[in-house]
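Okay, structure first, notes after.
Residue numbers (the working numbering), protein chains in the order written: chain A, 1 to 110; chain B, 1001 to 1113.
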């Protein structure tokens, strides 16, 4: 079945630093790929998505590119803010259920 | 506004009692899911339903039960057989099973007292 692996956290950065959170997937075929964000005590919100190879998803300064060759969908942001502190989940669309990574906690200090 | 609503936000249960968590969506989605999240952990799938009147066990279904009698509703019952029920429970829905993005509720935090 499908699986998603993302880097373990926490990732701790200073404000305005560059962010990368790595995500790789295994799947049959070419599933849609997603990044979700979870703020403390809340549910997950879709941050961005890509539906086919070489697509770039972007939202709120975050970007991720669907790389078929490396089966990756790494999340990047050029300049993080304190308000970006949250848990980030990479996910792939599956045949019947979406498959989530374990989540990566991001802590941004002023 | 369309969305997915979980209630209550906080729930306390005495040991040995069953408790039901509500999940309602008005997005006209076919698929619905229940996940459990423990501190510092990822999401673990409890049950999912691809269509009304049908549901399947996920990875950790023991001690839980669900029903899907209406398209918009997918309640989860945490039974007394669940040995460690204290957790954050998340309900989600998607237009179709698996392939597209999921929409999540705000979660229910269940505490056994």
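Just so you know, even glycine gets a beta-carbon here, dropped at the ideal spot from N, CA and C.
Sub-8 Å separation of residue i and residue j beta-carbons
i: residue 18 of chain A; j: residue 103 of chain A; result: no
i: residue 91 of chain A; j: residue 39 of chain A; result: no
i: residue 1093 of chain B; j: residue 1077 of chain B; result: no
i: residue 1068 of chain B; j: residue 1054 of chain B; result: yes
i: residue 25 of chain A; j: residue 4 of chain A; result: yes
i: residue 1035 of chain B; j: residue 1090 of chain B; result: yes
i: residue 32 of chain A; j: residue 1099 of chain B; result: yes
i: residue 34 of chain A; j: residue 52 of chain A; result: no
i: residue 6 of chain A; j: residue 101 of chain A; result: yes
i: residue 1107 of chain B; j: residue 1088 of chain B; result: yes
i: residue 1085 of chain B; j: residue 1110 of chain B; result: yes
i: residue 87 of chain A; j: residue 13 of chain A; result: no
i: residue 23 of chain A; j: residue 95 of chain A; result: no
Per DSSP, the bridge partner or partners of residue i
i: residue 6 of chain A; result: A:23
i: residue 1094 of chain B; result: B:1031
i: residue 1044 of chain B; result: B:1036
i: residue 1006 of chain B; result: B:1023
i: residue 1079 of chain B; result: DSSP output for residue 1079 of chain B lists no bridge partner at all.
i: residue 1087 of chain B; result: B:1110
i: residue 1014 of chain B; result: None; residue 1014 of chain B has no bridge partner.
i: residue 1065 of chain B; result: B:1077
i: residue 1055 of chain B; result: For residue 1055 of chain B, which the question treats as bridged, DSSP gives no partner whatsoever.
i: residue 1070 of chain B; result: B:1073
Neighbour flag for residue i against chain E, beta carbons, 8 Å
i: residue 1100 of chain B; result: Reference to chain E is not applicable here, since the protein chains of this structure are A and B.
Other residues of its chain near residue i: CB distance less than 6 Å, five sequence neighbours each side excluded
i: residue 1117 of chain B; result: Only positions 1001 to 1113 of chain B appear in this structure, which leaves residue 1117 of chain B out of reach.
i: residue 98 of chain A; result: 91
i: residue 110 of chain A; result: 15, 82
i: residue 1007 of chain B; result: 1022
i: residue 65 of chain A; result: 56
i: residue 1071 of chain B; result: 1052
i: residue 61 of chain A; result: 77
i: residue 1038 of chain B; result: 1087
Nonlocal neighbours in the same chain, by C-beta distance under 7 Å from residue i, ignoring five residues either side
i: residue 970 of chain B; result: A query on residue 970 of chain B cannot be resolved here, the shown segment of chain B reaching from 1001 to 1113 and no further.
i: residue 85 of chain A; result: 106, 107, 108
i: residue 1005 of chain B; result: 1024, 1105
i: residue 1057 of chain B; result: 1047
Same chain, Cβ closer than 8 Å to residue i, five either side skipped, listed in chain order
i: residue 1061 of chain B; result: 1046, 1047
i: residue 1009 of chain B; result: 1106, 1107, 1108, 1109
i: residue 1011 of chain B; result: 1019, 1021, 1108, 1109, 1110, 1111
Note down, in chain order, all residues in the segment 1082–1093 of chain B with a beta-carbon under 7 Å from any beta-carbon belonging to chain A. Flagged, chain order: 1090.
Length-filtered (3 minimum) beta strand (DSSP E) runs lying within the segment 12–66 of chain A: Taking only runs of at least 3 residues, the beta strand (DSSP E) segments lying wholly in the segment 12–66 of chain A are 19–21, 23–26, 33–38, 44–50, 56–59, 62–65.
May I ask you to list, following chain order, the residues of the segment 18–41 of chain A that have a beta carbon less than 7 Å from some beta carbon of chain B? Using a CB distance below 7 Å, the part of the segment 18–41 of chain A facing chain B consists of 32, 34, ordered along the chain.
Contact residues within the segment 70–100 of chain A, judged by C-beta distance below 7 Å to chain B: Within the segment 70–100 of chain A, the residues whose Cβ lies closer than 7 Å to any Cβ of chain B are, in chain order, 93, 94, 95, 96, 97, 98, 100.
Can you check the segment 62–110 of chain A for any alpha helix (DSSP H) of at least 4 residues that lies completely inside it and give the ranges in chain order? Within the segment 62–110 of chain A, no complete alpha helix (DSSP H) run reaches 4 residues.
Near-chain B residues of the segment 47–58 of chain A - C-beta to any C-beta below 7 Å: Of all residues in the segment 47–58 of chain A, only 49 place a beta-carbon less than 7 Å from a beta-carbon of chain B.
If the cut-off is 7 Å on Cβ atoms, which residues from the segment 1059–1081 of chain B count as contacting chain A, listed in chain order? Among the residues of the segment 1059–1081 of chain B, none has a Cβ less than 7 Å away from any Cβ of chain A.
Going along the segment 1013–1031 of chain B in order, which residues come within less than 9 Å of chain A, judged by CB to CB distance? Identification of residues in the segment 1013–1031 of chain B having a C-beta nearer than 9 Å to some C-beta of chain A yields 1031, given in sequence order.
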